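The next block holds one structure in the form of structure tokens; read it before the comments.
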Amino acid sequence: MNHQSMNIRIQAPCPPSPSSVLPPRFNHKTPLILPRVNCSNEVVSHVVPQMEASSDVGNSSINISKNKRAFGWSQKQSLSLKQPLKNDLKPLKALMTSSTTQDTSASFVNDGKIGVLLLNLGGPETLDDVQPFLFNLFADPDIIRLPRLFRFLQKPLAQFISVARAPKSKEGYASIGGGSPLRQITDAQATELRKALYEKNVPAEVYVGMRYWHPFTEEAIEQIKKDGVNKLVVLPLYPQFSISTSGSSLRLLESIFREDEYLVNMQHTVIPSWYQREGYIKSMADLIEKELKTFNNPEKVMIFFSAHGVPLAYVEEAGDPYKAEMEECVDLIMEELERRKINNQYTLAYQSRVGPVEWLKPYTDQTIIELGEKGVKSLLAVPISFVSEHIETLEEIDVEYKELALESGIKEWGRVPALGCEPTFIRDLADAVIESLPYVGAMAVSNLEARQSLVPLGSVEELLATYDSQRRELPAPVTVWEWGFTKSAETWNGRAAMLAVIVLLFLEVSTGEGFLHQWGVLPLQLPLLP
10 MNHQSMNIRI
20 QAPCPPSPSS
30 VLPPRFNHKT
40 PLILPRVNCS
50 NEVVSHVVPQ
60 MEASSDVGNS
70 SINISKNKRA
80 FGWSQKQSLS
90 LKQPLKNDLK
100 PLKALMTSST
110 TQDTSASFVN
120 DGKIGVLLLN
130 LGGPETLDDV
140 QPFLFNLFAD
150 PDIIRLPRLF
160 RFLQKPLAQF
170 ISVARAPKSK
180 EGYASIGGGS
190 PLRQITDAQA
200 TELRKALYEK
210 NVPAEVYVGM
220 RYWHPFTEEA
230 IEQIKKDGVN
240 KLVVLPLYPQ
250 FSISTSGSSL
260 RLLESIFRED
270 EYLVNMQHTV
280 IPSWYQREGY
290 IKSMADLIEK
300 ELKTFNNPEK
310 VMIFFSAHGV
320 PLAYVEEAGD
330 PYKAEMEECV
340 DLIMEELERR
350 KINNQYTLAY
360 QSRVGPVEWL
370 KPYTDQTIIE
380 LGEKGVKSLL
390 AVPISFVSEH
400 IETLEEIDVE
410 YKELALESGI
420 KEWGRVPALG
430 CEPTFIRDLA
440 DAVIESLPYV
450 GAMAVSNLEA
460 RQSLVPLGSV
470 EELLATYDSQ
480 RRELPAPVTV
490 WEWGFTKSAE
500 TWNGRAAMLA
510 VIVLLFLEVS
520 TGEGFLHQWG
530 VLPLQLPLLP
């Protein structure tokens, strides 16, 4: 239905109760825009025009499908620059606001010990850490997916790739100071978040769990148990959800939870994405506005959003919501800038692709070249999917893409810093935690019948079932063969090469002889595999 404005009233209970119904399944391909639930008998949500809305009052749910504007490339892959949003397009609004939340959580603060688990990727802190960090990364079956028959080769293959890639990766980390600053920044964010929660009268301990380096998620969970936490809010530090980032961490948590009786019975909830929150949107807009002022002609600067890419098959076939959430996030930031009378052109592209498969387009490097060809002279890069500085911002964007931009004819280059510990951002994360507290008690894994979910909140199992129902069986990115120098042929060549590597590794493991043993990559004797 099309309206200029509409209000929808839905019933929303104060805290969830054991008699609550199971949460509705929500469309994971198009992110939902939901009203913020306050502790009252009735909620009023302002719904954006040009939407199709349907509400089910009896189930306390609302589903909204928003018509999105296409980003970046057309079907012919020609660059499409985004013009400022016009007045006839009503604002989407950052619907998750960060106003006072103490009333919502007051009854939950004194009812148990609260913990907040921040999840992030992790990174090597020294050059000696680079190879083992890469091993942990490639040993993850969500990063390299082997056929079931060959999954016992996951670790030998990870060892081979990490040793091969370590020298090049060390060069990159050496150029940014000898290691990733991710842990230091994430620890600082945890400290500031804890302070913000205490200032809002919510005494909570904040823990950091990294996926591929110290402090590992398992280490954080052990500390959570030692501290006696019985109410846990899991907060991935990825603004947008992807099965390759937040999803991978949630899969790990799921396996940890199921193996530990204490964790099975611990009440918890997960905030899977928070790109639409008002505090985050305003923080990003503040940083962009500040950096624009450093240019000679701020109004002529192209705002260039660069997000970390994911394989195209994750989105098109596995239903990863990442692309849709990313595009909506950019829309919300640009609308906030327009309210400040900033009407620059902008575009979105995806960086950090690896391997022979097709990734989300447009690619950042190709887009920079095309912008130069189109006569763009001033470019402001905005790392939209990162809240901390690390190698993708400090080396890939600041060094590689800056050099490419200058070579492509762009005269002025700037880059918006990652949010880090920006006060508005930290306060908004604190509000997100507080707003989730009324839903923690209904989310215990052992109490599946008593869950009432405020989308997008949910338990680990619930979110995995919704966002990533296929789990480790992601579809192949190319399903047909094409001859010649095509993307499909390139992909199949990569598969053939991977198969050859797997066969060689199998021979090495089974015979105990070969060049990997001679080089010392594999031990002379390996334990027998079960």
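Taken in order, the sequence shown gives residues 10 to 539; the numbers are from the numbering used here.
Quick reminder that beta carbons are idealized off the backbone N, C-alpha and C, glycines included.
Keep in mind the model is a prediction, meaning the values are calculated, not measured.
Restricting attention to 248, 149 and 196, the CA atom closest to the CA of residue 337 is found in 248.
The continuous stretches of alpha helix (DSSP H) do not include residue 250, and DSSP gives it neither H nor E. The Cβ-Cβ distance between residue 162 and residue 511 falls below 8 Å.
The shortest C-alpha to C-alpha distance from residue 394 to any of 151, 356 and 314 is the one to 314.
In the structure shown, residue 239 falls within a coil segment according to DSSP collapsed to helix, strand and coil. The DSSP-derived three-state label of residue 387 is strand. Between residue 296 and residue 426, the C-beta gap is smaller than 8 Å, which places the two residues in contact. Annotation for residue 315: the continuous beta strand (DSSP E) segment containing it runs 311-317. Measuring C-alpha to C-alpha distances from residue 225 to each of 184, 261, 240 and 241 identifies 261 as the nearest. Fully enclosed alpha helix (DSSP H) runs of no fewer than 4 residues occupy 411-416 of the segment 381-434, in order along the chain. Nearest C-alpha to residue 367 among 143, 319, 446 and 201: 319. Taking one beta carbon from each stretch, the segment 253-269 and the segment 213-232 have 3 or more pairs nearer than 8 Å; the two touch. Nearest to residue 125 by C-alpha distance, out of 329, 406 and 201, is 201.
In this structure, the straight-line span from the alpha carbon of residue 469 to that of residue 273 is close to 11 Å. In the three-state scheme derived from DSSP, where H, G and I count as helix and E and B as strand, residue 275 is classed as coil. Contact annotation, residue 351 with residue 428: C-beta distance approximately 19 Å; criterion of less than 8 Å not satisfied. Residue environment analysis places residue 363 among the exposed positions, since fewer than 16 neighbouring C-beta atoms fall within 10 angstroms of its C-beta. Here the alpha carbons of residue 447 and residue 254 stand approximately 26 Å from one another.
The C-beta separation of residue 443 from residue 211 comes to about 6 Å, placing the pair in contact by the 8 Å criterion. With a contact defined as Cβ atoms closer than 8 Å, residue 169 and residue 514 qualify at about 7 Å.
Contact annotation: residue 236 and residue 214 have beta-carbon atoms nearer than 8 Å. With a 10 Å radius around the Cβ and a threshold of 16 neighbouring Cβ atoms, residue 381 comes out buried.
Secondary structure of residue 256 (DSSP, three-state): helix. Of all C-beta pairs linking the segment 128-138 to the segment 181-201, three or more are shorter than 8 Å, placing the two stretches in contact. Distance from the CA atom of residue 276 to the CA atom of residue 266, rounded to whole angstroms, is 11 Å.
For residue 445, the closest C-alpha among the options 240, 208 and 175 is that of 240. The residue among 198, 431, 238 and 517 with its C-alpha nearest the C-alpha of residue 291 is 431.
Residues of the same chain with a CB within less than 7 Å of the CB of residue 182, apart from the 5 flanking positions on each side, are 133, 136, 139, 188, 189 and 400 in chain order.
In the three-state reduction of the DSSP assignment, residue 303 falls in the coil class.
Only exposed fits residue 207, as fewer than 16 other CB atoms lie within 10 angstroms of its CB. In this structure, the CA atom of residue 375 is about 38 Å from the CA atom of residue 439. Note that the C-beta distance between residue 357 and residue 324 is not below 8 Å. For residue 258, the closest of 165, 415, 219 and 121 by C-alpha to C-alpha distance is 219. Secondary structure within the segment 106-187: the beta strand (DSSP E) runs of 3 or more consecutive residues, fully enclosed, are 123-129 (chain order). Here residue 364 carries a coil assignment [DSSP, helix/strand/coil]. If you draw a straight line from the Cα of residue 193 to the Cα of residue 216, it is about 13 Å long.
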